[in-house]
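Trainee:
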Amino acid sequence: MRLRSAFHTECRQRRDWTIMFHRPCAFTPASPLSGMPTPGDVLKFWYPDPDTQARPDHARWFQGGEELDRQIAQRFGGLCDALRDNHGQRAALVTSWQTEHGPAGVLALTIVADQFFRNVFRKTATAFEGDRLALCCAKMSMERMYDAKTYGRYGRSFGVILPLMHSENLHDHDLLESRFKLYRSLDLENHGEDMALSYDGEQEFERKHRVILERFGRYPHRNAVLGRVSSQAEIEFLVDSDSFGQ
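Just so we're on the same page, this note's numbering is the position in the sequence shown counted from 1, plus 10.
1. So, with DSSP's three-state summary, where would you put H228?
2. If we ignore side chains and look at the alpha-carbon of each, how far apart do G88 and M46 end up?
3. Which two residues bound the contiguous alpha helix (DSSP H) that contains H68?
4. Within the chosen definition, does the region 134-141 reach the region 179-188 through at least 3 CB pairs nearer than 8 angstroms?
5. What does the alpha-carbon distance come out to for the pair R100 and Y161?
6. Can you tell me which of the three DSSP states E139 falls into?
7. Out of T136, H176, K159 and I171, point me to the one whose CA is closest to A148's CA.
8. Could you spell out the range, first to last residue, of the alpha helix (DSSP H) harbouring T109?
9. R228 and E153: beta carbons closer than 7 angstroms?
10. Is there a Cβ from chain C that is less than 7 angstroms from the Cβ of T120?
11. Apart from the five residues just before and just after H219, which ones in its own chain have a Cβ nearer than 6 angstroms to its Cβ?
12. Using a 10 Å radius around the Cβ and a threshold of 16 neighbouring Cβ atoms, would you call A118 buried or exposed?
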């Protein structure tokens with residue numbers, strides 16, 4: 011019940027998101043989505059082989075540098091631009107991917123909004139513009155149990171984990187903690203202790219995020235790019251402590 015309430019609070023209190031999730035969308039040959047990448051294109055790029063579906067590919071996803079940014083901008087930059095459009099393209103795209111493509115569409119949309127935005131718009135405020143949509147999609151996956159029953163191996167469910175970890179709302183981190191336990195138990199049951207242990211490192215990384223939020227109520231390393239004024243305590247923290255990319 012708590013999960014459903016959280017999803018409704020985040021996603022249905024705003025009229026524009028309600029339109030995205032529920033309004034039918036009719037497509038014509040002149041659709042503004044013609045020529046856009048598909049959810050399958052996104053998932054094939056992000057999970058190029060079975061191993062990345064089983065385990066998160068941290069080296070490629072988070073240390074790909076300028077080359078990965080270039081590849082994503084070239085192939086999916088137009089898709090990111092479409093999701094920034096407040097009118098027809100964004101609503102049509104979200105509705106299509108969530109209703110016509112089901113769980114795969116929701117996962118692909120989550121990856122684009124959470125990860126591709128950070129690659130395409132790196133070091134700008136726009137990099138964070140997809141976070142609300144990514145969080146809504148992640149919670150939709152949880153509410154419908156896509157993450158636990160459909161996505162399968164951890165590498166795919168990791169796409170749901172990231173928007174919660176990126177959130178500056180501690181309630182989302184509570185949800186993440188409960189989901190870690192679920193994923194670990196499922197992988198322990200289905201794939202053995204070795205796979206279940208892969209969650210330990212992720213939980214430690216999440217713990218570091220949570221400690222920062224509990225102390226400051228936000229991620230100070232985002233302040234400059236978002237135009238937020240840092241407190242003296244945050245300034246000292248940024249000098250002396252580890253931070254995260256975006």
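In this text, a Cβ means the ideal position worked out from N, Cα and C, and glycines have one as well. Model, not experiment: these values are computed from the prediction.
Mentor: Let's see:
1. The residue asked about is misnamed: residue 228 is Arg in this sequence, not His. In the three-state DSSP reduction, R228 falls in the coil class, being neither helix nor strand.
2. So the alpha carbons of these two residues sit roughly 7 angstroms apart.
3. Per DSSP, H68 belongs to the alpha helix (DSSP H) from H68 to Q73.
4. Judged by Cβ distances under 8 angstroms, the region 134-141 makes no contact with the region 179-188, as fewer than three pairs qualify.
5. Here the alpha carbons of Y161 and R100 stand approximately 24 angstroms from one another.
6. Reduced to three states, the DSSP call for E139 is coil.
7. Looking at the Cα atoms, I171 is the closest of the given residues.
8. In the DSSP assignment, T109 falls within the alpha helix (DSSP H) that extends over G98 to T109.
9. For R228 and E153, no; Cβs fall outside 7 angstroms.
10. Note that chain C does not occur in the displayed structure, where there is just one protein chain.
11. So the list reads M175, once near-sequence residues are dropped.
12. Answer is buried; the Cβ neighbour count reaches 16.
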